[in-house]
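See structure below.
Numbering (this note's numbering), first residue to last: 374 to 681.
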């Protein structure tokens with residue numbers, strides 16, 4: 374099953390002691406796990422449906438802090454960290470300055486320790502976010518999507534990146550009537566999975582840490598129909614997105630949003646919507662359930678204006 378395979382692929386960089394414990398977890402746990410959290414001398418934990426569960430020494434789970442929990446040592450942390458960096462911390466220096474390491478398979482390992490002048494040392498914890506490739510994850514959005522600029526908004530762990538990845542694949546494959554040229558700005562390797570994940574036959578991937586610069590390069594050199602990237606977050610990115618829109622290139626991106634009202638109260642998402650860069654918004658439900666809601670940006674603006 375894809376969920377289980379995604380989990381097992383994420384274990385390649387971990388120390389043998391940690392990997393052995395996680396490989397023996399029940400299949401249902403592997404299928405549902407979203408994160409692997411490794412803290413020095415503290416219980417090994419998983420995030421499952423947004424909730425924290427601890428891993429025991431016998432590979433069973435506990436929802437409480439109790440005896441028998443597996444606790445990674447400083448050596449486990451050090452060995453895992455160097456494995457994740459392919460034994461070259463220097464090569465990952467730019468990523469580590471931002472607090473993460475891009476893994477080989479689209480997963481991302483968050484790193485906590487001492488960050489001094491851009492150098493990460495004294496590693497104390499790791500958080501591996503498991504990248505999942507789910508065919509059809511974007512189907513509910515595609516039922517209403519008209520082909521213009523799209524903002525996929527939702528809370529953390531609501532599946533934004535997974536849905537964006539599947540949307541790119543389907544658009545590039547011709548789901549809108551004919552294949553669209555999509556240029557993906559992949560700042561952390563999560564969308565393409567270091568080229569191991571399927572983004573469709575008409576997709577180009579530009580790996581660059583500066584997303585704003587990447588949008589500029591894509592617009593100038595790749596002549597795409599659509600530029601797609603994950604997690605818009607700066608005014609410079611918004612500026613480049615607007616330039617793309619006025620050049621006739623559509624934008625598909627994601628944003629962290631806890632509630633619908635935040636769409637027009639946060640400056641970046643408000644700018645996407647009021648400038649018409651994004652003509653539709655796909656609002657993802659919280660972890661507690663619900664349906665994906667596809668909103669018309671113009672109607673949303675009118676509705677919010679009437680409430681003021």
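Yeah, the Cβ is synthetic: ideal placement off N, Cα and C, and Gly gets one too.
Please read these numbers as outputs of a predicted model, since none were measured by experiment.
Close Cβ partners of residue i (< 7 Å) along its chain, the five nearest in sequence each way excluded
i, result
"residue 666", "656"
"residue 553", "544, 545, 575, 598 and 599"
"residue 511", "536, 539, 540 and 543"
"residue 631", "528"
Span separating the alpha-carbon of residue i from that of residue j
i, j, result
"residue 475", "residue 419", "19 Å"
"residue 502", "residue 480", "6 Å"
"residue 451", "residue 459", "12 Å"
"residue 538", "residue 626", "11 Å"
"residue 642", "residue 611", "9 Å"
"residue 506", "residue 478", "11 Å"
"residue 532", "residue 582", "22 Å"
"residue 562", "residue 551", "27 Å"
"residue 379", "residue 530", "16 Å"
"residue 664", "residue 490", "44 Å"
"residue 619", "residue 589", "13 Å"
"residue 595", "residue 622", "11 Å"
"residue 519", "residue 669", "10 Å"
"residue 547", "residue 573", "9 Å"
"residue 674", "residue 636", "10 Å"
"residue 397", "residue 607", "42 Å"
"residue 455", "residue 499", "12 Å"
"residue 516", "residue 509", "12 Å"
"residue 526", "residue 629", "6 Å"
Local Cβ density within 10 Å of residue i, reported as buried at 16 or more and exposed below that
i, result
"residue 391", "buried"
"residue 464", "exposed"
"residue 389", "exposed"
"residue 436", "exposed"
"residue 593", "exposed"
"residue 448", "exposed"
"residue 467", "exposed"
"residue 410", "buried"
"residue 617", "buried"
"residue 440", "exposed"
"residue 671", "exposed"
"residue 534", "buried"
"residue 399", "exposed"
Residues near residue i by beta carbon distance below 6 Å, same chain, minus five either side
i, result
"residue 384", "392 and 395"
"residue 634", "none"
"residue 559", "565, 578 and 580"
"residue 604", "627"
"residue 382", "478"
"residue 613", "585, 588 and 589"
Strand pairing of residue i, partner residues [DSSP]
i, result
"residue 656", "526 and 666"
"residue 424", "421"
"residue 408", "420 and 502"
"residue 557", "578 and 601"
"residue 473", "483"
"residue 494", "487"
"residue 429", "442"
Whether residue i touches residue j by CB criterion (7 Å)
i, j, result
"residue 461", "residue 387", "no"
"residue 486", "residue 493", "yes"
"residue 556", "residue 597", "yes"
"residue 513", "residue 542", "no"
"residue 429", "residue 442", "yes"
"residue 648", "residue 615", "yes"
"residue 645", "residue 523", "no"
"residue 376", "residue 404", "yes"
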